[in-house]
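Read the structure below first, then the notes.
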Amino acid sequence: MSSPKTVDRDLLVFSIWAVLGFLGAGFLLEGLTRDAYWVSLIGIAIIVAAFIAHIIVNAVFDTGFANGEVALGIGGFGLLAFVFIASWFTGGMSMADFWSGLTLFSVLAAGLFIYLSTRHGLRGAFSKFHIKPSDGA
Amino acid sequence: MMSGTASSAWLPLYGLFYVAVMLHWARVAARENGDYQTFFSAGHSLAPWVSVLVLAGASLSGWFVLGGSGIVAAHGFSFPSVLVAGVSLALPGVFFFKRIWFVGQRLRLSSQAEVFRSYYESHFLVVVSTLIALVFAVGFAGLQMRALSQIIETLTGGTVSVLSASVVLGFILFAGSAIGGMRAIGYFGVIQTVCAYAATVTLAGFVLFWSGGFAALNNGLSALAATPEGAAKFLVSGVIHFTAGLGRGGELATANTAVANLSLALAFMGFQASPLALKIVLSTRNANGFGAGQTWVLAGAFGGLIAFAVAIIGAMGLIHPALSVEAMLARLQEGSPWFAATVFIGIAAGVQLLAGLALLTAAESAVRHVYKPYFHSTLSRRATVTLTRVAIAVLILVTVLMQSLTPVALSAIAALALPCAFQLWTPLLGVTWLRWITRPAAATGVGFGLAGVLLTEPFGYQVLSFLGLELPWGRWPWTIHSAAWGMAANLAAVLIISAITNRDAFGAEAREARDFLYNTLRTSKRSHGLRSTAWSAALIWLFLALGPGLIFGNAAFGKAGAEGAVWLVGMPSLWAWALASWVTGVGLVWFLAYKMEMASPYRHAIPAYEPPPRLRRDQSATEQERLRILVITGAAAFVLIVLIAFSFGG
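Chains as they are written, first to last, in our numbering: chain A, 1 to 137; chain B, 1001 to 1650.
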């Protein structure tokens, strides 16, 4: 059974992504379809706003990203990166699409780095990836 | 431009996502419920902020985008009370919610029917509350579900028929409300509410984009106002017209009087007195959120949504009559199917929130408050929940069938929901504020009120016409909505009967509730001193924003006419008047909620009332007898109706 605080936090996270996530994705797709970089940029800004709102909710409830959220985020990032690279190789990508994708991935990667370093410190952020063999003992 | 397949893939994709999220929250809720233990009212544990959002979402989101924008598109700005609905709906919440919650918490009640049973000990009021919940579930929500099904048919280019869409939406509704009960409606309702809000804002944004901006939209309105037939859509056509009503010589085009506006606003106010709204209120953990909810969320945020976004969407339909919400979504679907899917899912979420809440409330009321106490008192809690789930399924089946087979009857039943719910104001006022309203007065008043509504609505005169009685008036006689006709009869009965019946003839629970409210919610000296100010402010606001004062709005910020519209603030005068009414209305709601302490927070624990122990007798023989009488009465009534119809009607 979920605690009331967990439910409140999850409801807020779902609400944030239901609104900002879909709107951001909509603008991004609109920009990619119409080869309008600025429209894509609005979508990216909205997605970044969703991440910021998510992090604020996490801070209010004194928690981090849930395992499922991390898996979904990394999975989604990987899938998008795959589609981007595949499109690049097949050559069906305009310059506006190329810059839109590059901006999205750069912003997400930079955001991840900033988030980890502010939450765990630079060394702590590195330790999140670098697991020493003795840790498991 | 996209290919047809790519274009139509987004709606099912987003739809599947919506269903997945809904099932997740239904599962969370079902686990917390222990399957059935807290199915009906979430163990009175919904967080105040959850209740606030769900109340606002159910009150004003999906159905208002469809219905409110439709009114603006059809009648222009001659019904400014529609644009101030956020405030109109918040006012009853301020009056009732805190006190009803206190009564519910003290007596451990979880629905309106239980409040009426405990306080008035009136079987009639229990049955009326149940019937109104059923009208909301089958008619009011069903009509909007039909509108959604039609949009789905349009967006899929006819691939999915209205009937198929209705069935799919029905299944989704059943899953949402029957698995997780009230808790699922609360949890998922938050997400539905924000989705509906965002969808409305997004659609309004697209309307502004298509029309070239706010100024260009108003230029279009200005051009329309300069035409002879268009000018009337920017004016309230007087205080009252003494016509016999629509269908009996009254013209729809001239029905937009000030009293029509006022009585329509009264109908809106019926929602907050409905069993649906009180179901949310009585499932809430504490009463501390009602003030903020009614002031800032409902009147403020959602009121602003209607005054701006719904008005913008409606204005587009006014300029281009072919551009209904459905047509706008179809246009969006052509170029930006992902946005069309986002907006549609948002609107659908708002409607489904209302429909889910209505279905649960109606099914619970029918099973738990009518069937179980009168016909099967030994029904276990688990069996009650199971039967409620079955009742939800049956109600969905009925509404889906009516959506396809009898849309006219559905529309006539839907029109009864708000005005009938408004008639519950008098018994609720008796519970919360006016201790002099007696039990027979409350019950008779509601009876007269419902008769008043039925006799001025198409459903009533169609039934009477079937039985051979032709009423000399039509819908909205004297341009007054049925809600006000009903309330006139209701109030007259309540005042007369309260004056001649014993005001102390209440049961133990009612006396306990009255004493508890009197001792606990005494207002401070400061708010007592502000009473006359509050009355003055409220009456002035009602007069100017919803009442006869609306005719000042015709020319307060410019005028329309054949010589060209002159608008001082760049928008129709009545729209500007409505915006001013909205802003001042938020102030009024804040003043009443906080300064008059009508919905202010209260942070003390409320102990449960311990009723004196009673010996439970075996009721099975009485229940069998009741069932027998019901069957015989039903059969006799059926035969009588058939005989009358054959003799006099057609």
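Yeah, the Cβ is synthetic: ideal placement off N, Cα and C, and Gly gets one too.
key: Outcome for residue 136 of chain A when other beta-carbon atoms lying within 10 angstroms are tallied against a minimum of 16   = The predicted position of residue 136 of chain A is uncertain, since its pLDDT is 48 and thus under 50; a value taken from the coordinates is nonetheless stated next. Exposed, because fewer than 16 other Cβ atoms sit within 10 Å of the Cβ of residue 136 of chain A.
inquiry  = Using beta carbons (cut-off 8 angstroms, strictly below), is residue 15 of chain A in contact with chain B?
reply    = Yes, because at least one Cβ of chain B sits closer than 8 angstroms to the Cβ of residue 15 of chain A.
query = Anyone know if the C-beta pair for residue 1510 of chain B and residue 1119 of chain B falls short of 8 angstroms?
reply = Taking 8 angstroms as the cut-off, the beta carbon of residue 1510 of chain B is found closer than this to the beta carbon of residue 1119 of chain B.
message = Can you give me the C-alpha to C-alpha distance between residue 1001 of chain B and residue 1155 of chain B, rounded to a whole angstrom?
response = Summary for residue 1001 of chain B: the model assigns pLDDT 48, below 50, so the residue's position carries little reliability; its value from the coordinates is reported in the next sentence. The alpha-carbon atoms of residue 1001 of chain B and residue 1155 of chain B are separated by roughly 15 angstroms.
message = Tell me which residues share the same chain as residue 1128 of chain B and place their Cβ nearer than 6 angstroms to its Cβ, disregarding the 5 neighbours each side in the sequence.
response = Contacts found: 1446.
inquiry  = Within a Cβ cutoff of 7 angstroms, which residues of the same chain sit near residue 1550 of chain B, ignoring the five residues on either side of it in sequence?
reply    = 1080, 1236, 1258, 1261
message = Along the chain, where does the alpha helix (DSSP H) containing residue 1487 of chain B start, and where does it finish?
response = 1482-1500
query = Leaving out the 5 sequence neighbours to the left and right, which residues in its chain are closer than 7 angstroms to residue 1403 of chain B when beta-carbon positions are compared?
reply = For residue 1403 of chain B, where only same-chain residues beyond five positions count, the Cβ hits under 7 angstroms are 1142, 1145, 1146, 1149, 1166, 1410.
message = Quick check on this structure: which residue in B:1459, B:1467, B:1625, B:1560 has the alpha carbon closest to the alpha carbon of residue 1476 of chain B?
response = B:1459
task = Verify the CB distance criterion: does residue 30 of chain A have a CB-CB separation below 8 angstroms to chain B?
result = At least one beta carbon of chain B lies nearer than 8 angstroms to the beta carbon of residue 30 of chain A.
task = Would you decide whether residue 1269 of chain B is buried or exposed? Buried here means 16 or more other CB atoms lie within 10 Å of its CB.
result = Residue 1269 of chain B counts as buried, since no fewer than 16 other beta carbons sit within 10 angstroms of its beta carbon.
Extent of the continuous alpha helix (DSSP H) run through residue 1099 of chain B = For residue 1099 of chain B, the enclosing alpha helix (DSSP H) has its first and last residue at 1085-1107.
query = CB-CB under 7 angstroms to residue 1570 of chain B, same chain, minus the five flanking residues each way: which ones, in chain order?
reply = 1215, 1218
query = Name the chain B residues whose beta carbon is nearer than 8 angstroms to that of residue 23 of chain A?
reply = Within chain B, the C-beta atoms nearer than 8 angstroms to that of residue 23 of chain A come from 1198, 1202, 1342, in chain order.
ask   = Interface residues of chain B around residue 26 of chain A at Cβ under 9 angstroms?
value = Going along chain B in sequence order, the residues near residue 26 of chain A (Cβ under 9 angstroms) are 1202, 1336, 1338, 1339, 1341, 1342.
query = Would residue 1187 of chain B count as contacting chain A if we go by Cβ distances under 8 angstroms?
reply = yes
inquiry  = I'd like the list of long-range same chain contacts for residue 1071 of chain B, defined as Cβ closer than 8 angstroms, with 5 residues on each side in sequence excluded.
reply    = 1079, 1082, 1314
request  = Answer with yes or no whether the minimum CB distance from residue 1011 of chain B to chain A is below 8 angstroms.
outcome  = Judged by the 8 angstroms Cβ criterion, residue 1011 of chain B is not in contact with chain A.
task = Tell me, please, which residues DSSP counts as bridged to residue 1566 of chain B.
result = B:1559
request  = Measure the alpha-carbon distance for residue 1026 of chain B versus residue 1471 of chain B and round it to whole angstroms.
outcome  = 48 angstroms
request  = Give the interface partners of residue 18 of chain A over in chain B, defined as CB-CB distance under 7 angstroms, in chain order.
outcome  = 1191, 1194, 1195
query = Can you give the beta carbon distance from residue 1090 of chain B to residue 1284 of chain B, rounded, assuming they're within the 8 angstroms contact cut?
reply = Between residue 1284 of chain B and residue 1090 of chain B the Cβ distance is about 16 angstroms, and since that is not below 8 angstroms, they are no contact.
task = Only counting runs of 4 or more residues, tell me where the alpha helix (DSSP H) segments fall wholly within the segment 1330-1411 of chain B, in order along the chain.
result = 1337-1364, 1372-1375, 1381-1405
query = For the alpha helix (DSSP H) that contains residue 1187 of chain B, what are its first and last residues?
reply = 1162-1211
ask   = DSSP state of residue 1628 of chain B, grouped into three classes?
value = helix
task = Inspect the beta-carbon positions of residue 1173 of chain B and residue 1359 of chain B and report whether they are closer than 8 angstroms.
result = Yes, Cβ-Cβ distance for residue 1173 of chain B and residue 1359 of chain B is below 8 angstroms.
inquiry  = Can you tell me where the alpha helix (DSSP H) holding residue 1573 of chain B begins and where it ends?
reply    = 1573-1590
ask   = Taking Cβ-Cβ distances below 9 angstroms as the criterion, which residues of the segment 1046-1069 of chain B are in contact with chain A?
value = Within the segment 1046-1069 of chain B, the residues whose Cβ lies closer than 9 angstroms to some Cβ of chain A are 1047, 1049, 1050, 1053, listed in chain order.
query = Between residue 1015 of chain B and chain A, is there a C-beta pair that is closer than 8 angstroms?
reply = Not an interface residue.
query = Can you tell which of B:1069, B:1138, B:1105, B:1507 has its C-alpha closest to the C-alpha of residue 1305 of chain B?
reply = The alpha carbon of residue 1305 of chain B has as its nearest neighbour, out of B:1069, B:1138, B:1105, B:1507, the alpha carbon of B:1069.
query = Since residue 1052 of chain B contacts residue 1292 of chain B with CB under 8 angstroms, what's their CB separation in whole angstroms?
reply = Yes, residue 1052 of chain B and residue 1292 of chain B are in contact; Cβ-Cβ is about 7 angstroms, under 8 angstroms.
ask   = Relative to chain A, which residues along the segment 1013-1039 of chain B have a C-beta separation below 7 angstroms, given in chain order?
value = 1021, 1028, 1031, 1032
query = Among residues of its own chain, excluding the 5 on either side of residue 1414 of chain B, which ones have a beta-carbon nearer than 6 angstroms to its beta-carbon?
reply = Taken in chain order, the residues that qualify are 1139, 1140, 1143.
DSSP-derived helix/strand/coil call for residue 1434 of chain B = coil
Buried versus exposed call for residue 1227 of chain B [16 or more other C-beta atoms within 10 Å across all chains shown] = The residue in question, residue 1227 of chain B, is exposed, as its Cβ has fewer than 16 Cβ neighbours within 10 Å.
task = Note down the Cα distance separating residue 1647 of chain B from residue 1639 of chain B, rounded to an integer number of angstroms.
result = For residue 1647 of chain B and residue 1639 of chain B, the distance between alpha carbons rounds to 12 angstroms.
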